[in-house]
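Just below is one structure, and these are the notes that go with it.
The following block contains the structure:
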């Protein structure tokens, strides 16, 4: 928790020093405020529940500090559930059930990216609010347990959840060589289950990350063994940075999305989900 607060202090400094460009977003109204002032609204989230430690009360403290999303797991088992890299998925834990209820009470969005299959299905069923899988792709197009099965996507759609399509090469059908047309076809297959109104982009872009982040991904604190490659994989030529975001429309339109569907995937579905999920900030 203390380490997370330190990072939040750093983010507050960024918001203050760049107030003409970015703002801290707490609800959908901040998206409109950013749009009106030609800025970018940034929602803060956690890729694992470690900042709450073993204290359910810290979820509310994190929410009050501006956190609006939290994953129940990263790759390993957590106090709340099981990550996709574990050999056996034991599902949502006792504390996980309590954390889901607390996040529902506050309006913090539950993110099931990196969760194991059983944990994801149980969390979708347990949550009284729709949940997201913010950055993953259909598993049948890239055989990795980091991606999600049809069963999970169907459950997510039935509970009005949202899938953010990942542009990280290890999640794409043909890795770094995936073409824009292949991305569009992948999105179309996902939309056949989810519908465009429940489909967005969760790029998982690792642009300009410092060496410290790569060291953390390779080693973390839980092992003495190297767990990842020495560098990030090469991004596809059509998505090297966030400046390439508008170009995704070409792949979606070529795959058969109409203008409305394309607009939904490129932000409209996320906007609706955030509007319906996050309580107005007091």
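In the working numbering, the protein residues as written are 4 to 285.
Glycine included, each C-beta is placed from N, C-alpha and C at the ideal position.
First and last residue of the uninterrupted beta strand (DSSP E) at residue i
i	result
residue 32	Unbroken run through residue 32 is the alpha helix (DSSP H), 31-39; no beta strand (DSSP E).
residue 138	135-139
residue 73	70-74
residue 48	47-49
residue 259	No beta strand (DSSP E) contains residue 259, which DSSP labels as neither H nor E.
Chain C within 8 Å of residue i, Cβ atoms only
i	result
residue 128	In the structure shown, chain C does not exist; there is a single protein chain.
Run of the alpha helix (DSSP H) containing residue i, from where it starts to where it stops
i	result
residue 8	5-20
residue 268	Looking at the DSSP string, residue 268 is not in any alpha helix (DSSP H), and its letter there is neither H nor E.
residue 191	183-197
residue 124	120-129
residue 60	60-67
residue 202	Not the alpha helix (DSSP H): residue 202 falls in the beta strand (DSSP E), residues 202-204.
residue 99	97-109
For residue i, the nearest candidate out of the options (CA to CA)
i	options	result
residue 184	46, 234, 10, 260	260
residue 279	134, 253, 197	134
residue 73	262, 263, 56	56
residue 101	86, 91, 6, 113	113
residue 86	119, 67, 96	119
residue 200	249, 274, 208	274
residue 281	29, 24, 220, 262	29
residue 148	160, 158, 132, 90	90
residue 125	269, 258, 271, 75	75
residue 157	219, 197, 129, 177	197
residue 195	129, 264, 225, 179	264
residue 202	9, 140, 27	140
residue 66	23, 256, 7, 32	7
Cβ distance (whole Å) where residue i is taken to contact residue j below 8 Å
i	j	result
residue 167	residue 110	In fact, because the Cβ distance is near 19 Å, the residues do not count as touching under 8 Å.
residue 69	residue 49	Wrong, their Cβ atoms sit about 11 Å apart, outside the cutoff.
residue 121	residue 94	5 Å
residue 245	residue 208	7 Å
residue 123	residue 155	5 Å
Proximity below 8 Å, CB of residue i to CB of residue j
i	j	result
residue 213	residue 172	no
residue 170	residue 136	no
residue 1	residue 175	Within the shown structure, residues of the chain are numbered from 4 to 285, placing residue 1 beyond reach of any answer.
residue 25	residue 42	yes
residue 54	residue 18	no
residue 98	residue 115	no
residue 78	residue 138	no
residue 33	residue 44	yes
Any non-hydrogen atom of the ligand HEM closer than 7 Å to residue i Cβ
i	result
residue 228	Absent from the structure shown: the ligand HEM. Ligands present: none.
> Should the region 214-231 be regarded as contacting the region 187-200, the criterion being three or more beta carbon pairs within less than 8 Å?
Replying inline: By the Cβ criterion, the region 214-231 is not in contact with the region 187-200, since fewer than three pairs of Cβ atoms, one from each stretch, lie closer than 8 Å.
>> Check whether the region 60-69 and the region 91-110 are in contact - that is, three or more C-beta pairs closer than 8 Å.
In response: yes
> Is the region 154-167 touching the region 235-246, taking contact as three or more C-beta pairs under 8 Å?
Replying inline: no
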